[in-house]
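The sequence shown runs 26 to 742 under my numbering.
Virtual Cβ for every residue (Gly too), placed ideally from N, Cα, C.
Written below as structure tokens is the structure these notes are about.
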Amino acid sequence: MLKKLIILATAILLIGLFFAFDLHQVLTLDGLKARMDDFSNWQQRSPVLVAVGFFLIYVLVTALSLPGAAILTLAAGGLFGLATGLIIVSFASTIGATLAFLVSRYLLRESIEKKFSARLKPINEGIERDGAFYLFTLRLVPIFPFFLINLLMGLTKIKTITFYLVSQIGMLAGTVVFVNAGTQLAQLDSLQGILSFNLLFSFALLGVFPLVAKSIISSINKRRVYAKWTKPKKFDRNMVVIGGGAAGLVSSYIAATVRAKVTLVETHKMGGDCLNYGCVPSKAIIKSAKVAEQFRHAENYGLDNHNPTFSVKKVMQRVHDVVAQVEPHDSIERYTGLGVEVKTGYATIIDPWTVEIKAQDGSTERLTTRSIVIATGARPFVPPLPGLNDVGYVTSDTLWETFAELDTPPKRLVVLGGGPIGCELSQSFARLGSKVIQVEMADRIMLREDLEVSELAHKELTESGVEILTGHKALRCELQGDKKIIVVEHEGQEIEIEFDQLLCAVGRSARLEGYGLEELGIETNRTVQTNDYLETLYPNIFAAGDIVGPYQFTHVAAHQAWFAAVNALFGTFKKFKVDYRVIPWTTFIDPEVARVGLNETEAKQQGIDYEVTRFEFEELDRAIAESSTKGFIKVITPKGKDTILGVTIVGQQAGDLIAEFVLAMKHGLGLNKILGTIHAYPTWAEGNKYAAGEWKRNHAPQTILNWLEKYHTWRRG
């Protein structure tokens, strides 16, 4: 901090001296012309000394962002001629600009990043990717103040060497013009004589050059990528979509809506994993398990406790009935009615414009298409544990059919994984009567959430009957006679756990094989590699959903699908970068855990100067009325501001309550706007308003309130 103060004080002192001695009057065109003879005499007597002195003065003026750099450039032409003047100014200006850049970075960047980290993130990403192009463009156009460019670039993450080299090259054209004008200094009446409209227009055209060059490079890359393929002269379809999950359904729906000819290819079941194996069936069984738990604790509602009796077959039948009820929303019939051609079969990309579809009966068909959207989703990841196949296991995909054959839940169920899926299913089956042991390798469950959220989830699952073993690493599975055993390691010791059924819930892996990606050279590393527009290696082949990441949520898949479809159909005119700024998610344990934006852990990691506002549900009338007071709303804001950086909600209906904060963050609305919105009473949504009220109360203007108290005292006489 002391070093920063010294640098700042030195800069202020030098700037003060510059104006105190009226040096700014010298660095005007009239001042320069009036003293040009004196300068010329000094230069003739001591050419080297004057050149060095001039160089250092130029560096100092540029580094301090003082006015007059343009005049000094003219003086260089008048004193040293075009060649020497150009060399002196080119290096002096670049060194001075780099010093200003470094001072800005050292003094301001850290504090600016703390306050505006969320807003700076996309800028820094853009600078990292295309910073040299942007800077080069700005340097070529003199209508942008160079000193401002120096200071602002210092706030970004552009490399110093990149800044220096690009500035050296980019400022060269303008330097030549000004130094050359300086050789004719006597004939210049004003700087407008240099910066004519025609000259500025020429510079503007130069400024467009990097963008044109980038476009040309992009075109060359496209030619290189497509070089070994023969593009059809006409196409059967505008778009072919591979995969009938959330991303595929939305992509094809959008294409049909804008009257494009689109074919959707699905191998198995429409609706994908979410409808058939994930979101829908899991929420159905969560509800059944919750009702069973409410029976056991009916005393909370003034009723007698009752231990429910039930058949797992009936519970699982309800799950299948729920799936069947939702199924028509994603059916072939519905999408055909919407204008989508749906084909059942296995799709393989033969070349960038051709998809081969192999039907169930073995027949094949090839379709040519202008664009392709890959939306093949993900499958449960099965860890490579020795002996796993010998003991048998289920996943979140297969348990619905396997457990449907049971009259009673598995007596001893081991769940591998402490993420959202593992936690949801552990709590549900514990409430349905299984002795559940949940094994997690990390030191806590729900690792992506704040520590207090993980601890609360741990407590609630334990109260539901789940035995949670954190810090336990699964090593292998064994059959010991009729016994099924999983061996785990904890603190260097091996522990044997006997079970009747093993559920693998350690994450999901993208479906990448069998679609022709390898043959086309499309890069995959756990997911399909895409750019910001969801383009793969081939600009007409897009990917969306779990196969892309970075978030494996149904709503994110649908979100990505819009960008993939629109870019595929209209990218020739306008392309849109996929926006991940405001992504909510919910873990449907009881109580639910919902989040959007930053949590406190992430805010600390990013060095943000933040504050936390909390509202406990034990203070909410609706929560009290429903005897569901566990949980809280936790809002992260910049210190002293009502801007919402992130929200975590733990409680009943948390997944629904988070939506108001998602809307607020998406449209830049702060807590004051939420506080000023009427919420119906008594509802859970009032909690959002009360959380905003807590922030307002914590930031009440105490000085004004003290004066108001005195005013009202005076009014009472």
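Helix or strand or just coil, what does DSSP make of K509? Strand, per DSSP.
Suppose the cutoff is 8 Å on Cβ atoms and the five residues either side in sequence are ignored; what does the same chain contact list for E719 look like? Its chain contains T638, R639 and F640 as the residues whose beta carbon lies nearer than 8 Å to that of E719, once the 5 sequence neighbours on both sides are disregarded; these appear in chain order.
For the candidate residues L527, E521 and M690, whose alpha-carbon lies nearest to that of Y605? Answer by Cα proximity: M690.
Go through the region 329 to 409 residue by residue and report every complete run of the beta strand (DSSP E) that reaches 3 residues or more, in order. At a cut-off of 3 residues, the continuous stretches assigned as beta strand (DSSP E) that sit fully inside the region 329 to 409 are 366 to 369, 371 to 376, 379 to 383, 389 to 399 and 403 to 405.
C-alpha distance - A568 paired with V275, whole-angstrom precision: Spanning the two alpha carbons is a distance of roughly 13 Å.
Own chain, CB closer than 6 Å to M341, minus 5 neighbours either side, in chain order: The answer, listed in chain order, is F428 and A429.
The region 572 to 592 touching the region 382 to 402, judged by at least three CB pairs closer than 8 Å: Output reads yes: the region 382 to 402 touches the region 572 to 592.
With DSSP run on the structure shown, which of helix, strand or coil describes L441? In the structure shown, L441 sits in a strand (DSSP, three-state: E or B).
Contacts around S459, its chain only, beta-carbon distance under 6 Å, and the 5 residues preceding and following it disregarded: Excluding sequence neighbours, S459 sits near P434, P435 and L438.
Hey, quick one: how far does the beta strand (DSSP E) through W610 stretch, first residue to last? If you look at W610, you'll find it in the beta strand (DSSP E) that goes P609 to T612.
What separation, rounded to the nearest whole angstrom, lies between the Cα atoms of T673 and T654? Here the alpha carbons of T654 and T673 stand approximately 16 Å from one another.
Counting only the same chain and skipping the five closest in sequence on each side, list residues whose C-beta sits under 8 Å from that of Y576. When the five nearest sequence neighbours on each side are left out, the beta carbons in the same chain lying within less than 8 Å of the beta carbon of Y576 are those of Y605, I608 and W610, in order along the chain.
In the DSSP assignment, what residue or residues form a beta bridge with P663? Beta-bridge annotation (DSSP): P663 is paired with Y635.
Taking just the CA atoms, how far does G362 sit from T282? Each residue's alpha carbon lies about 11 Å from the other.
Using a 10 Å radius around the Cβ and a threshold of 16 neighbouring Cβ atoms, would you call V316 buried or exposed? V316 is exposed by the Cβ-count criterion.
Take I669 as the anchor and find which of G693, L132 and T495 has the nearest alpha-carbon. Ranking the options by Cα distance to I669, first place goes to G693.
When you compare only the Cα positions, how much space is there between E291 and C304? Cα to Cα, the separation comes out at about 19 Å.
For the alpha helix (DSSP H) containing V416, list its first residue and its last residue. Counting along the chain, the unbroken alpha helix (DSSP H) around V416 starts and ends at L413 to V416.
Over what stretch of residues does the alpha helix (DSSP H) that includes N697 continue unbroken? Boundaries of the alpha helix (DSSP H) around N697: L696 to L700.
Between which residues of its own chain and G532 is the CB-CB distance below 6 Å, once the five residues before and five after are set aside? For G532, same chain residues with a beta-carbon under 6 Å away, outside a window of 5 residues either side, are F406 in chain order.
G676 to I729 span [Cα, whole Å]: If I take the Cα positions, the gap works out to 36 Å.
Which runs of the alpha helix (DSSP H), 4 residues or longer, sit entirely within the region 535 to 594? You should have 542 to 545.
Among all the DSSP beta bridges, which residues are the ones paired with T673? Answer is R620 and K659, bridged to T673.
Please state whether DSSP places Q193 in a helix, a strand or coil. In the structure shown, Q193 falls within a helical segment according to DSSP collapsed to helix, strand and coil.
For S453 versus I661, is the C-beta spacing smaller than 9 Å? No, the Cβ-Cβ distance between S453 and I661 is not below 9 Å.
Determine the extent of the beta strand (DSSP E) in which N325 is found, giving its start and end residues. No beta strand (DSSP E) holds N325; DSSP gives it neither H nor E.
What residue range does the beta strand (DSSP E) around E495 cover? The sequence shown places Thr at residue 495, not Glu. Boundaries of the beta strand (DSSP E) around T495: V491 to T495.
Using the Cα positions of K339 and V621, report the straight-line distance between them to the nearest angstrom. Here the alpha carbons of V621 and K339 stand approximately 36 Å from one another.
Reduced DSSP category for L527 - H, G, I as helix; E, B as strand; rest coil: L527 carries a strand assignment under DSSP once its states are collapsed to helix, strand and coil.
Backbone CA spacing between G552 and G574 [nearest angstrom]: One point to set straight first is that residue 552 is Thr, not Gly, in the sequence displayed. One C-alpha to the other measures close to 7 Å.
Just to check my reading of the structure: A455 and T495 have Cβ atoms closer than 8 Å, yes? What is that Cβ distance to the nearest angstrom? Not confirmed; about 16 Å, so no contact.
Own chain residues within Cβ distance below 8 Å of F548, not counting five before or after: The residue asked about is misnamed: residue 548 is Glu in this sequence, not Phe. Scanning its chain for C-beta atoms nearer than 8 Å, with the 5 sequence neighbours on each side dropped, one finds around E548 the residues Q554, T561 and L562, in chain order.
Assign H49 to one of three DSSP states: helix, strand, or coil. Low local confidence applies: a pLDDT of 49 at H49 is under 50, so the model's placement there is unreliable, and no value is given.
Since M466 is in the beta strand (DSSP E), which residue starts that stretch and which ends it? Taken as a continuous stretch (DSSP letters only), M466 belongs to no beta strand (DSSP E), as it is neither H nor E.
Do the region 409 to 421 and the region 324 to 331 make contact, defined as three or more Cβ pairs closer than 8 Å? As far as the Cβ criterion goes, the region 409 to 421 does not touch the region 324 to 331, which means the pair count is below three.
Between S129 and N175, is the Cβ-Cβ spacing less than 9 Å? Going by beta carbons, S129 and N175 fall inside the 9 Å limit.
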